Amino acid sequence: MAPNPALAGLKTIPYFMEVSDEALERLAGSALKKTYPKNAVVINEGDEAGALFIVLSGKIQAYLSNESGRTVTLSTQEAGSVFGELSLLDGEPRSASVITLEPTSCFLIPRTAFQNWLKDHPDAAGSIIHNLTKRIRTLTESVRGLALSDVYGRLVKTLQNMAVECEGGWMIRGKPSHQDLANVVGCSREMVSRIMKDLGRGGYIETEGKVLRIVRKLPTSW
Numbered sequence: 001m002a003p004n005p006a007l008a009g010l011k012t013i014p015y016f017m018e019v020s021d022e023a024l025e026r027l028a029g030s031a032l033k034k035t036y037p038k039n040a041v042v043i044n045e046g047d048e049a050g051a052l053f054i055v056l057s058g059k060i061q062a063y064l065s066n067e068s069g070r071t072v073t074l075s076t077q078e079a080g081s082v083f084g085e086l087s088l089l090d091g092e093p094r095s096a097s098v099i100t101l102e103p104t105s106c107f108l109i110p111r112t113a114f115q116n117w118l119k120d121h122p123d124a125a126g127s128i129i130h131n132l133t134k135r136i137r138t139l140t141e142s143v144r145g146l147a148l149s150d151v152y153g154r155l156v157k158t159l160q161n162m163a164v165e166c167e168g169g170w171m172i173r174g175k176p177s178h179q180d181l182a183n184v185v186g187c188s189r190e191m192v193s194r195i196m197k198d199l200g201r202g203g204y205i206e207t208e209g210k211v212l213r214i215v216r217k218l219p220t221s222w
C-alpha cells in the first residue's frame with residue numbers, strides 16, 4: 001500500500017507529536033490540501049467555523065480589524081503551525097481574521113471530521129489542550145507588553161521575538177514592513193519609521209535586501 005502523504009505531513013507537525021499513529025492515520029484520511037496565493041484571506045473574523053487549518057508551507061498572519069480599517073496583528077505563523085481550532089472546540093464564530101503573507105499550502109480538516117476524531121480519540125485532546133495553553137501564555141505576554149510598555153519597548157520586544165541568532169548578531173528574514181510592525185505594536189507607521197530610522201543611524205540595525213540585522217544590543221529607551 002502506498003504511503004499516505006497526508007499522514008506523512010501530519011507527523012511533521014509539532015501540534016500532533018504526542019498523538020498516536022493510529023489516531024493520526026484516521027485524521028489524515030479527512031485531510032484536504034489547499035494552496036493559497038499571497039494576500040489571500042483564509043478566514044474572516046465572525047465567520048462560522050468550517051475547518052481546522054494546518055500550515056504545510058508559507059506564512060500566515062492572524063489579525064483583528066475595525067470598521068475604519070485599522071488592524072492589530074495577533075500572531076504570525078509559519079509551516080508546522082495550526083490555526084482555527086478554537087472555534088471548532090467552542091462552537092463560536094471565528095475570533096480573528098487570517099491572511100497569507102506569501103504563497104501558502106495547508107491541510108484542511110473539516111469541522112465534523114475533527115469533532116468526530118476527538119470523540120473517538122480522547123487521548124489526542126491532551127495534545128490539543130497543551131498547545132492551546134502555550135498559545136494563551138503567548139497572548140498573555142503580548143497583552144502585558146501592550147498594556148505596560150511604551151511604543152519603543154513594544155517595538156524592541158517585537159523585533160527580539162522575530163529575530164534568530166546568527167553570526168555577528170541577530171537577523172529577521174523576510175524583513176517586515178514598518179506598517180507590519182505598527183500593526184503588531186499598536187501604533188502608527190510613522191512612529192515605527194522614526195524609531196527604526198534612529199536605530200539605523202545609531203548603528204543598532206542594518207538592512208541587507210530582505211533581511212533586517214540587529215548588530216548591537218538595542219537600547220533600553222529611545
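Residue numbers (UniProt numbering): 1 to 222.
Backbone N, C-alpha and C fix where the C-beta goes; we use that ideal spot for every residue, glycine too.
Computed from a predicted structure; not experimentally measured.
If you count every other CB in all the chains shown that lies within 10 Å of the CB of residue i, and 16 or more means buried, which is it?
{"i": "Asp-180", "result": "buried"}
{"i": "Lys-217", "result": "exposed"}
{"i": "Asn-183", "result": "buried"}
{"i": "Gly-80", "result": "exposed"}
{"i": "residue 258", "result": "Since the first and last residues shown for the chain are 1 and 222, residue 258 lies out of range."}
{"i": "Met-162", "result": "buried"}
Three-state secondary structure (DSSP) at residue i?
{"i": "Thr-140", "result": "helix"}
{"i": "Met-17", "result": "coil"}
{"i": "Tyr-204", "result": "coil"}
{"i": "Glu-92", "result": "coil"}
{"i": "Val-215", "result": "coil"}
{"i": "Ala-113", "result": "helix"}
{"i": "Arg-173", "result": "strand"}
{"i": "Thr-133", "result": "helix"}
{"i": "Ala-62", "result": "strand"}
{"i": "Leu-52", "result": "strand"}
{"i": "Leu-7", "result": "helix"}
{"i": "Lys-197", "result": "helix"}
Tell whether a beta-carbon distance below 8 Å holds between residue i and residue j.
{"i": "Leu-155", "j": "Ile-195", "result": "yes"}
{"i": "Lys-38", "j": "Phe-107", "result": "no"}
{"i": "Gly-186", "j": "Val-215", "result": "no"}
{"i": "Gln-77", "j": "Ile-60", "result": "yes"}
{"i": "Lys-210", "j": "Gly-174", "result": "yes"}
{"i": "Ser-97", "j": "Val-41", "result": "yes"}
### Query
Using 8 Å as the Cβ pair cut-off and three pairs as the minimum, do the segment 66–73 and the segment 115–127 touch?
The segment 66–73 makes no contact with the segment 115–127; the number of CB pairs closer than 8 Å stays below 3.
### Message
Is it the case that the segment 51–59 contacts the segment 155–164, given that we only count it when at least three CB pairs across the two stretches are under 8 Å?
### Response
Taking one beta carbon from each stretch, the segment 155–164 and the segment 51–59 have fewer than 3 pairs nearer than 8 Å; the two do not touch.
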